[in-house]
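Asks: This is the structure I have questions about; it appears just below.
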Amino acid sequence: MWREKLIIKRLDTEGRRLIAVSDIHANLPYFKGLLDKLGFSDGDELIIVGDFLEKGKYSLETLRFIMALCQKGNCHVLCGNCDTWPDAVDSELGFWRDKIVHYMLFWRGGLIWDMLAELDITVTEELDFEPLVPILRERFMPEWDFLRSLPHAIETEHYIFVHGGIRPDIPLREQIGGDCMKFDDFMSCGYSFDKWVIVGHWPVMLYLPDRVCANPIIDREHHIISIDGGCTLKDDGQLNGLIIPHEGSEDFSFASYDPFPVRRVKTAQRGGEKSYYIRWGDNEVQVLRRGAEFSLCRHVRTGYEMEILTKYLYSDEEFCKCNDCTDLVLELREGDEVSVVEETSRGYLVKHKGVSGWYWGELI
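What follows is the structure, given as structure tokens:
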């Protein structure tokens with residue numbers, strides 16, 4: 008899957024509504040919640056833009072749920088970099104032989120973890136993976152066959168769906184599957200396309216320097232849409248569903264799902280004058296003052312100081328990494344609806360229209 012030339016599925020949508028969902032990451036409750044919110048029906052075409060497995064709790068269950076959806080003919084699934092597990096029992100067994108147990112124990116889950124659990128096999132450091140491969144192949148043959156069948160891209164008359172990204176200077180069929188599945192920071196490359204390119208893989212909030220917004224990014228100048236809302240990976244993430252009313256439409260909209268309780272702002276709040284977003288990949292901090300609930304920290308690379316929830320710090324050391332965090336104070340009006348991510352003694356970490364930040368007043 009990684010070394011193959013791009014496998015492309017051509018799709019004629021026949022004027023039906025298109026829905027694109029990416030990076031479910033084994034979060035089946037979010038996926039079911041989003042489908043309900045979208046009113047997904049047999050009259051729609053659902054395109055899952057890869058990374059529906061791993062990181063979350065329900066890899067095998069999510070896979071089987073998606074396989075059942077595909078039996079109706081209007082669900083189409085792409086391979087993401089987290090969905091390439093046939094390689095682990097086929098061509099890349101040598102690579103995974105010494106790594107798979109460490110990987111499973113780190114995440115305490117994943118597709119093969121779930122498969123072994125169904126076989127009543129407990130993953131321990133002493134587990135010898137290779138003798139289990141023939142058993143896994145035979146016991147889960149439908150699941151492996153489905154995963155092996157996945158294309159890297161879906162192309163319609165006006166859109167190209169691919170997990171990570173593509174290059175405009177190389178013919179589509181000449182590009183390599185692995186390069187297109189794991190195309191980090193795709194929207195920063197400055198590429199432009201004739202057809203709309205819809206991608207996931209890189210959480211949209213990583214593109215913003217000073218705030219956290221989980222909503223899809225629609226770049227009309229370059230014809231690119233990025234839809235990964237950080238489901239499972241970000242505590243305040245959401246699962247986005249891009250809605251295209253019919254083939255050729257540029258009247259894009261979206262729906263999103265998260266389980267956070269919705270409340271209303273009692274007293275208006277002015278927005279803060281400055282903020283910063285410490286995020287994955289650049290999240291080393293120095294703890295200047297550690298508190299029971301909040302700790303004053305300095306971001307190592309920039310020197311920016313902010314109060315961080317102490318539970319977001321990864322260790323008790325002075326220099327450590329931390330969970331994604333922001334000190335943005337949201338501008339909110341009385342009656343605004345917000346989703347509550349964290350409730351603290353000082354106030355609330357909330358989301359308003361996809362943007363995460365702090366509210367210091369009272370919610371009703």
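Per our numbering, the sequence shown runs over residues 8 to 371.
Ideal Cβ positions, reconstructed from N, Cα and C, are used throughout, including at glycine.
On a predicted model such as this, the values are computed, not experimentally measured, just so you know.
(1) On the DSSP letters alone, give me the boundaries of the beta strand (DSSP E) that G364 sits inside.
(2) What is the C-beta distance between D58 and H159, in whole angstroms, given that I count them as a contact (C-beta under 8 Å)?
(3) Does the distance from the CB of G368 to the CB of V272 come in under 8 Å?
(4) In three-state DSSP terms, what is F47?
(5) Can you tell me which residues form a DSSP beta bridge with Q276?
(6) With a threshold of 6 Å on Cβ separation, who are the neighbours of F200 within its own chain once the five nearest residues in sequence on each side are excluded?
(7) On the DSSP letters alone, give me the boundaries of the beta strand (DSSP E) that G248 sits inside.
(8) Check K328 in the structure and name its three-state DSSP category.
(9) Identify which residue in I73, L215, E341 and E280 has its Cα closest to the Cα of L35.
(10) So, are the CB atoms of I107 and V84 less than 8 Å apart?
(11) Given a threshold of 16 other Cβ atoms within 10 Å of its Cβ, counted over all protein chains shown, does Y414 qualify as buried or as exposed?
(12) Using only alpha-carbon positions, find the residue among P210, Y264 and D258 that is nearest to F190.
(13) Is there at least one non-hydrogen atom of the ligand GTP closer than 7 Å to the beta-carbon of F38?
(14) For H109, name the three-state secondary structure that DSSP assigns.
(15) What does DSSP give as the partner residue(s) for G237 in the beta ladder?
(16) Exposed or buried, which one is Y319 when buried takes at least 16 other CB atoms within 10 Å?
(17) Among all the DSSP beta bridges, which residues are the ones paired with W203?
(18) If we require 3 or more residues per run, which beta strand (DSSP E) segments fall completely within the segment 122 to 189?
(19) Report the CB separation of I161 from L18 in whole angstroms; it is logged as a contact under 8 Å.
(20) Just to confirm my understanding: we take K64, look at its own chain, exclude 5 residues before and 5 after, and list those with CB closer than 7 Å. What are they?
(21) Please name the residue, chosen from T131, L60 and I371, that lies closest to F113 on a Cα-to-Cα basis.
(22) Taking the CB atoms as reference points, tell me whether L60 and C89 lie closer together than 8 Å.
(23) Using the three-state DSSP reduction, which class does L118 fall into: helix, strand or coil?
(24) Cβ atoms of L13 and R180: under 8 Å apart, would you say?
(25) In the DSSP assignment, the alpha helix (DSSP H) including D94 goes from what residue to what residue?
(26) Hey, does W114 have any beta-carbon neighbour from chain B nearer than 8 Å?
(27) What does the Cβ neighbour count give for P138, buried or exposed, with the cut at 16 atoms within 10 Å?
(28) Rounded to whole angstroms, how far is the Cβ of V362 from the Cβ of C220, which I believe are closer than 8 Å?
(29) Cβ of L126 within 8 Å of Cβ of W92?
(30) Short of 8 Å in beta carbon distance, which residues of its chain neighbour R227, apart from the five on each side in sequence? Order them along the chain.
(31) Please report how far the alpha carbon of G50 lies from the alpha carbon of M111, in whole angstroms.
Replies: Considering the structure as presented:
(1) V362 to Y366
(2) Incorrect: roughly 13 Å between the Cβ atoms, too far for contact.
(3) yes
(4) coil
(5) L339
(6) P175 and H230
(7) L246 to I251
(8) strand
(9) I73
(10) no
(11) The first residue shown for the chain is 8 and the last is 371, placing residue 414 beyond what the model contains.
(12) P210
(13) In terms of ligand content, the structure shown is empty, and the ligand GTP therefore cannot be addressed.
(14) helix
(15) Q245
(16) buried
(17) Y166
(18) 160 to 162 and 166 to 169
(19) 5 Å
(20) A33 and G116
(21) T131
(22) yes
(23) helix
(24) yes
(25) P93 to V96
(26) You won't find chain B in this structure, because it holds only one protein chain.
(27) exposed
(28) 5 Å
(29) no
(30) E257
(31) 39 Å
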